[in-house]
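Worksheet for the structure shown next.
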Amino acid sequence: MTIPPPLAGSRTTITLLLLAYALSMCDRMVLSILFPDIKTEFGLSDTQLGLLGGISFALFYATMGLPIARLSDQYSRKWIVIISLIIFSLMTVLSGLAAGFISLLILRIGVGIGEAGVNPASHSIIADYFPPQRRAFAMATLMLGASIGMILGFVLGGSIAEAHGWRTALIAVGAPGMLLALVMAKLLTEPRRGTFEAHSGAPSPPIRATAVAMWSNKAMRHLIAGAVVAGLLGYGLTQWLPTFFSRQHDLGQSQTGLLMAGIFGIPGALGALAAGKLFDRLAVRGFQYGMRMLAVIPFVTLPFFIMGLLADDLTTAVLLFIIPGFAGNYALGPTLAMIQTLSPVNMRAVSAAIKMLFLNLIGLGLGPLLVGAISDVLAPRYGDNALGVALAYFTLVGLWGSYHFWLCARALAENQVTDHHRTGT
-14 MTIPPPLAGS RTTITLLLLA YALSMCDRMV LSILFPDIKT EFGLSDTQLG LLGGISFALF
46 YATMGLPIAR LSDQYSRKWI VIISLIIFSL MTVLSGLAAG FISLLILRIG VGIGEAGVNP
106 ASHSIIADYF PPQRRAFAMA TLMLGASIGM ILGFVLGGSI AEAHGWRTAL IAVGAPGMLL
166 ALVMAKLLTE PRRGTFEAHS GAPSPPIRAT AVAMWSNKAM RHLIAGAVVA GLLGYGLTQW
226 LPTFFSRQHD LGQSQTGLLM AGIFGIPGAL GALAAGKLFD RLAVRGFQYG MRMLAVIPFV
286 TLPFFIMGLL ADDLTTAVLL FIIPGFAGNY ALGPTLAMIQ TLSPVNMRAV SAAIKMLFLN
346 LIGLGLGPLL VGAISDVLAP RYGDNALGVA LAYFTLVGLW GSYHFWLCAR ALAENQVTDH
406 HRTGT
């Protein structure tokens, strides 16, 4: 089977969208490296920190994503990304001026609203630049922004916070978004919708109609469920790992930032690219083969992660975290690509936003909060080790995600058989 090449200008486009996503992740994740300082200044509990890092951001990020995504299916995706970039960057800068817990909570809500427009529009643009069998690697490349943003947030944010305080760190990581918005206005080009699929030209249907269409697709249901559970695990762990290293192994903020970048940032980026490339190769035979790969990976990686969390010394923990760190972003590219591939052209941005709604309300919204609450419950028994034990227990939810990825693969295989029967092949 001959696979058509991407459209001209795809590299410039994916680079710009990657940078926008990287800054959004940096602004999102930097708060976790600042948790110890914020906790001290405002006198917060772990549950309140989990609220700041989770539901306050995720509630509005997820819900605002739906109406903004519908606009993306109707109007300029390019300008929606640019305006969103300006909003979340400004809100991050203002977060550095927060007077207390409530004002910081409100400003983090503003960051969530701003970031809501970036991903659905970006995914829709990329789907029109790349054919279906090349999308997983393209989406994985876009998702490098997660690792780059995490590195910037942890290393840059940690270093600045250690030298100048957490407020200066927030201002410093928020400001570059304004400059990138100007560059994108000049260089970002929006492609014709439905480049590689038949597009009737029909307008985007109501959000409810798109949600019903997604629910009626068995493979889509399990794909979203698996992605949501993977996000629940990923956000819960990532938001709390810097605090874990600080409490369990007495590391400073800059040391923690470098360690997070070295274990989870750079290896996670390489692992995401590898998973995307492997998924695309398997997709030539059938998308179900790639989904089976996603189902197997947690069974290999999670035991190492649990042992690392419970290890007594830092060296042992770091060695045990190598494999989970490499596989940390394994599901990002393939799941995002499959959402676009399984969705009609005029529903792509809204489909991505619906997926992000559940991913962020449940994953980002509840993940950090649940870990914080479990840590508080375990504190009387385990003391300073409570957070590590809480993370170890929490890690087990990853197996639930594998179950849904496997069911998605089964549904895709059934659809393939049905299509062959229908066409007589």
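In the working numbering, the protein residues as written are -14 to 410. Cβ atoms here follow ideal geometry from the backbone N, Cα and C, with glycine treated the same way. Quick caveat, the model's predicted, so the values are computed rather than measured.
Whole-number beta carbon distance between P(-10) and L114, since they are thought to touch under 8 Å: In the sequence as displayed, the identity of residue 114 is Tyr instead of Leu. About 10 Å separates the two Cβ atoms, so there is no contact after all.
Segment contact, 8 Å Cβ cut-off, at least three pairs: the segment 243 to 263 with the segment 125 to 139: yes
Cα-Cα separation, L82 to P329: 44 Å
Secondary structure of A114, DSSP reduced to three states: According to the sequence shown, residue 114 is Tyr rather than Ala. Helix.
Spatial neighbours of L173 in its chain, beta-carbon cut-off 7 Å, leaving aside the 5 residues before and after: T(-2), L1 and K63
Within 8 Å, strictly: CB atoms of F20 and L36: no
Cβ-Cβ separation, V15 to V158 (assumed contact under 8 Å), whole Å: 5 Å
Nearest-angstrom beta carbon gap, N370 and Q233 [assumed within contact, 8 Å]: 7 Å
Own chain partners of G310 with C-beta closer than 8 Å, once the 5 adjacent residues on each side are dropped: I248, F249, P252, G253 and G256
Straight-line gap, R333 to S69 (C-alpha atoms, nearest Å): 18 Å
Endpoints, the alpha helix (DSSP H) within which S61 is located: Careful: S61 lies outside any alpha helix (DSSP H) and carries neither H nor E.
DSSP-derived helix/strand/coil call for L172: helix
Proximity below 8 Å, CB of P176 to CB of G261: no
Cβ neighbour criterion (16 or more within 10 Å) applied to F284: exposed
Closer than 7 Å: V281 CB and nearest the ligand GTP heavy atom: Ligands in the displayed structure: none, and consequently the ligand GTP is not present.
Cα-Cα separation between F27 and V197, rounded to whole angstroms: 44 Å
Pair within 8 Å by beta-carbon distance, G386 and L218: yes
Contiguous alpha helix (DSSP H) assignments of at least 4 residues, all confined to the segment 121 to 164: 129 to 136, 142 to 149 and 151 to 159
As assigned by DSSP and simplified to three states, the class of R193: helix
Proximity below 8 Å, CB of R13 to CB of F42: yes
Rounded separation between G221 and L92 - CA only: 21 Å
Pairwise C-alpha distance: A268 and Q118: 6 Å
Y315, DSSP secondary structure in three states: coil
Candidates F306, D298 and A302, of which the one nearest T286 by Cα: F306
Start and end residues, alpha helix (DSSP H) containing T241: Q238 to M245
Entirely enclosed alpha helix (DSSP H) segments - the segment 217 to 278, minimum 4 residues: 238 to 245 and 251 to 268
CA nearest to the CA of P188, picked from A302, A160 and V335: V335
Distance CB(V377)-CB(L295) smaller than 8 Å: The question names Val, yet the displayed sequence has Ala at residue 377. Yes. Within cutoff.
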